[in-house]
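What follows is a set of notes on a single structure, which appears directly below.
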Amino acid sequence: MPQEIGRQYKEILRQYVMRQTEQNLYAGQNFSRQLIQKNIAPEDVISIHKVALEEMYPELPMNVWHSFDLLIEMMIRYGLAHAEHQSLIQQQEEMKVEMDLAANVQKTLLKTTVPELSGLEIGLVSVPARKMNGDYIYFLSDNYHNAGVAVADVIGKGIPAALCMSMIKYGMDSLQDATSDPKKVLDIINRIVEKSVNDDMFISMFYGRYNVENSIFTYASAGHEPALFFDAKKGEFSELHAKGLLLGVVPNVTYVQHEVKMETGDFVVMMTDGVTECRTEDGFIEQEIIAELIHSLHEESAQTIVDSVFKELEKMQNFELRDDFTLVIFKKTS
Amino acid sequence: MPQEIGRQYKEILRQYVMRQTEQNLYAGQNFSRQLIQKNIAPEDVISIHKVALEEMYPELPMNVWHSFDLLIEMMIRYGLAHAEHQSLIQQQEEMKVEMDLAANVQKTLLKTTVPELSGLEIGLVSVPARKMNGDYIYFLSDNYHNAGVAVADVIGKGIPAALCMSMIKYGMDSLQDATSDPKKVLDIINRIVEKSVNDDMFISMFYGRYNVENSIFTYASAGHEPALFFDAKKGEFSELHAKGLLLGVVPNVTYVQHEVKMETGDFVVMMTDGVTECRTEDGFIEQEIIAELIHSLHEESAQTIVDSVFKELEKMQNFELRDDFTLVIFKKTS
Amino acid sequence: MSYRSSVEILTEWDIVAARQLGRNEAKEVGFGTVDQARITTAISELARNIYLYAGKGKIEIERISEGGKFGIIIIASDEGPGIPDVRKVMEDGFSTSGGLGAGMPGVKRLMDDFKIETVLGEGTVIKATKWIR
Amino acid sequence: MSYRSSVEILTEWDIVAARQLGRNEAKEVGFGTVDQARITTAISELARNIYLYAGKGKIEIERISEGGKFGIIIIASDEGPGIPDVRKVMEDGFSTSGGLGAGMPGVKRLMDDFKIETVLGEGTVIKATKWIR
Ligand SMILES: [Mn+2]
Ligand SMILES: [Mn+2]
Ligand SMILES: [Mn+2]
Ligand SMILES: [Mn+2]
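Chains as they are written, first to last, in full-length UniProt numbering: chain A, 1 to 334; chain B, 1 to 334; chain C, 1 to 133; chain D, 1 to 133.
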């Protein structure tokens, strides 16, 4: 223990014992900040205090000094926890650097390009609850007639989910054909997932394909959150239901697909359960609130809608995302 | 603060002030354990101490009590750090569960089967420095004539490395042919890596193939640690050098391959730099020591050799692995 | 209406004045010595933030009671630049705090309840509540 | 040869005896009060481990000096089952220690140097050294 610290503390103590002002307490607390930064353990602080007091009041009874020895003993384990904290902080820092890097690797590995088709607007927001995203979006397109999108969610978050996602990506890569039927896409991905994933990992996926020639949106679902269809003329929402088993449960599943005809101004909202299961302290945010919110924005561009919905829901949840949040909108503009 | 705690502490303090025995200090420290478990902050401990002392010695001068108020103020930030520690521990615990799960997912994703060919013994040990392995082993085999092995190392550790590995796996999966030439394998994997990996991620890979019919071991390297060849007759090691660029640097690389004829008792040692760059407090463990170690074990089975080498090097490093450690031996037994 | 008093934060000395106000109020409401020190530390952090990042603002202390419980609210407000990423500010920045447990997560820990409202370009209002146990 | 004294660990009371020995030695060698308490805590942990996991063993204290520096070595030895995975034992088990910083990583932190040797089925010897600063 450098003597200088003892000397400084004695001065602060002398001042405070003389005059119990806020300023002297403030000086004390600022000094304690420095002590922590210098890795002084709490038991050392007691010892410094004892020494300073001994020098100032050597006449105090022995009992007082004995009592300080017990207090030092009491503080040793707090000091250990404190030292543990320092190394934990360092580990945390390393982990943070690693996670940032991993998130970057993930972004590069899973990158996908939003198709640009005339007559179709696509809006996308996908925000991980933590560093790594367990939601996955993959676009397929011939850049002319068809735009397909896979919206997937690994049941689970973080790194294990991210590892699973990399597998889906390779499955999707192998498709390379935007005209594939949604049911067929789910079929293929299901087989890949079933083969290479742990039994306790499940993935839900929605696959939708829009054809600009006939304005038909075709979709199928593997246990995924239903999509919403906004009918601009009626100003109403309806759910795009589709039944289908989660990916990876059994090797052979035949998925069914449905279709809906879109008119100008209509849009389809695809999402993960991170959107529908947003919750505040008071419980879940009601579905209707989300639908109303989107409704109020329906004249905006697809990207503006998704961005605004995310911002609003983030605020409602007091800026704490409990699950990865993904929202995709396909909007027919002409 | 429950009054009970104050009462108990006062009793411990009374005992200790009366008789300064080790047993009383032991009682105090055990009590401090309980306090920590009950989430009592260090500033609370000072306050409890002050109250107990006040009750025991009300006649002490005011200065003593003022001094305790400053000490409480000094402890507040230690208390904050302590509370931070508690939540950090919880995060750490969640992270641990997540990493365990991720390591499991990785194991399932990257699983590979050790080929069984008559006349060839294969030994394998691959231990991650942390939870996730950034070293990767993949076996290819026709289970009859040829056994191939890819030994790869992502430059980097942990999760980002693990994500990259998943990509190599899909590349290797697409090969499915144990007769492929090593140079061709590296060629293909290089193209995949170059396409989908960040510019700052590099992977080294050694690919070796043994043919039981002609006893020839053919190999090529993409910037990987050289393999060692043990000549049983001479009782000597030589390095299997092979030049070649790391994977992922440029899209088109032509790798060169070399071959070596094996006699009964000969073996090839393939490894990652986690083996050659083992280090103790005093610096790197010398290459010669590792070679001598393997030499002394050369009559053992391939698996016994790799296991023994790992155990010995782990001990030399005081049980702290600095890098993922992978060692593969191909030994001709007849 | 409940009793409210305030201190303007312009210089570093005002931090001490805000602490003094908070400690006095906490004492009068009936908090013990340790909790007084905790409330004061929370005020310290909030006032320091105003001083460092907004330039000026104020700390108000409001005494509250509800169903026989008594407590205190610290209201820190400024017309500074606002906080662009609240999620980030509320995250434990263990390494940046250097184990000091400082910043907004520290204030949240010292108090029982913590609310933040911020608008870019308009300012920030933070309300932190603590009840006597 | 350097001065060495020891305590057998068989019952929980022997933990106190080992602590007492360690504290006396540390005091005589010239450690300050706080370091005495740290050395004693390290002995506590080691003796407790013997008592809990090996059944019996001993704690020896050796005074050491080197180039004008003075210090102490705690040697904890047992003929228990040995430690199957040393890496795991030396890892910070934050959650298992519940923030108590206990176990072998705790001993390592309390002391300056820490060495462990263990053979399955034969036992474990731990040597922990601390120097006067
Ligand atoms: Mn998920
Ligand atoms: Mn989800
Ligand atoms: Mn590596
Ligand atoms: Mn390596």
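Quick reminder that beta carbons are idealized off the backbone N, C-alpha and C, glycines included.
Counting along the chain, the unbroken alpha helix (DSSP H) around D44(A) starts and ends at P42 to M56. Listed along chain A, no residue sits closer than 7 Å to G148(B) by beta-carbon distance, the nearest being about 20 Å off. Contact annotation for Y26(B) against chain D: I15, V16, R19 and S44 [CB-CB distance below 8 Å, chain order]. With 16 or more other CB atoms across the displayed protein chains lying within 10 angstroms of its CB, E98(B) is buried. Buried is the label assigned to Y255(B), since at least 16 other Cβ atoms lie within 10 Å of its Cβ. The closest CA to that of L117(B), considering only F319(B), D142(B), D199(B) and A150(B), is found on D142(B).
Think of a sphere of 7 Å around the beta carbon of Q23(A): the chain C residues whose beta carbon falls inside it are V16, in chain order.
For ligand 2, the residues with a Cβ under 7 Å from any of its heavy atoms are, in chain order, G134(A), D135(A), D153(A), T272(A), D273(A), G274(A), D323(A) and D324(A). In terms of beta-carbon proximity, V86(D) lines the interface with chain B, with at least one pair separated by less than 8 Å.
Among the residues facing chain D, I203(A) is not included, as its CB has no counterpart in that chain under 8 Å away. A Cβ-Cβ distance of about 6 Å is found for the pair L228(B) and E239(B), placing them in contact under the 8 Å criterion. Under the 8 Å Cβ criterion, the region 52–69 of chain D does not count as touching the region 108–120 of chain D, having fewer than three qualifying pairs. Among the residues facing chain B, T41(D) is included, as its CB has a counterpart in that chain under 8 Å away.
Of all residues in the region 60–91 of chain B, only D69, I72, E73, I76, R77, L80, A81, A83, E84, S87 and L88 come within less than 7 Å of chain C when Cβ atoms are compared, listed by chain position.
DSSP places R279(B) within a strand segment (E or B) once states are collapsed to three. In the three-state reduction of the DSSP assignment, M270(B) falls in the strand class, which pools E and B. With respect to the 8 Å criterion, L327(A) and Y210(A) are not classified as neighbours on the basis of their beta carbons. Excluding its 5 nearest sequence neighbours in each direction, C278(A) has C-beta neighbours in its own chain below 6 Å: I285, L313 and Q317, listed in chain order. Looking from the CA of V125(C), the closest CA among A17(C), D78(C), D35(C) and R63(C) belongs to D78(C).
Contact annotation: the region 86–96 of chain B touches the region 84–92 of chain A, with at least three C-beta pairs closer than 8 Å. In this structure, DSSP gives D100(B) a helical state, which the three-state scheme calls helix. Against chain D, a Cβ distance below 7 Å from F319(B) picks out V86, R87 and M90. Counting C-beta pairs closer than 8 Å gives three or more between the region 32–43 of chain B and the region 69–76 of chain B, which meets the contact rule. Under the 8 Å criterion on CB atoms, R38(D) is classed as non-interfacial with respect to chain B. Fully contained in the region 143–205 of chain B are the following beta strand (DSSP E) runs of length 3 or more, in chain order: 146–154.
Under the DSSP assignment, L228(A) falls in the beta strand (DSSP E) whose first and last residues are A227 to D231. Taken in chain order, the complete beta strand (DSSP E) segments of 3 residues or longer contained in the UniProt domain "Histidine kinase/HSP90-like ATPase" (34–133) of chain C are 57–66, 69–78, 113–119 and 123–131. Residues of the region 148–168 of chain A that bring their beta carbon within less than 9 Å of a beta carbon in chain B comprise G156, K157, G158, I159, P160, A161, A162, L163, C164, S166 and M167, in sequence order. Nearest in C-alpha terms to A129(A), of all of A37(C), E12(C) and E91(C), is E91(C).
In the DSSP annotation of this structure, the continuous segment of the beta strand (DSSP E) that includes D135(B) starts and ends at D135 to S141. The beta carbon of E93(A) does not come within 8 Å of any beta carbon belonging to chain D, so the residue lies off that interface. Within chain A, no residue has its beta carbon less than 8 Å from that of R109(C); the closest one is some 14 Å off. Annotation: the continuous alpha helix (DSSP H) that includes K315(B) extends over A302 to M316. Around the CB of F70(C), fewer than 16 other CB atoms lie within 10 Å, so the residue is classed as exposed. With fewer than 16 neighbouring CB atoms inside 10 Å of its own CB, G67(D) falls in the exposed class. Distance from the Cα of K243(A) is smallest, within the candidate group A220(A), V249(A) and M18(A), for A220(A).
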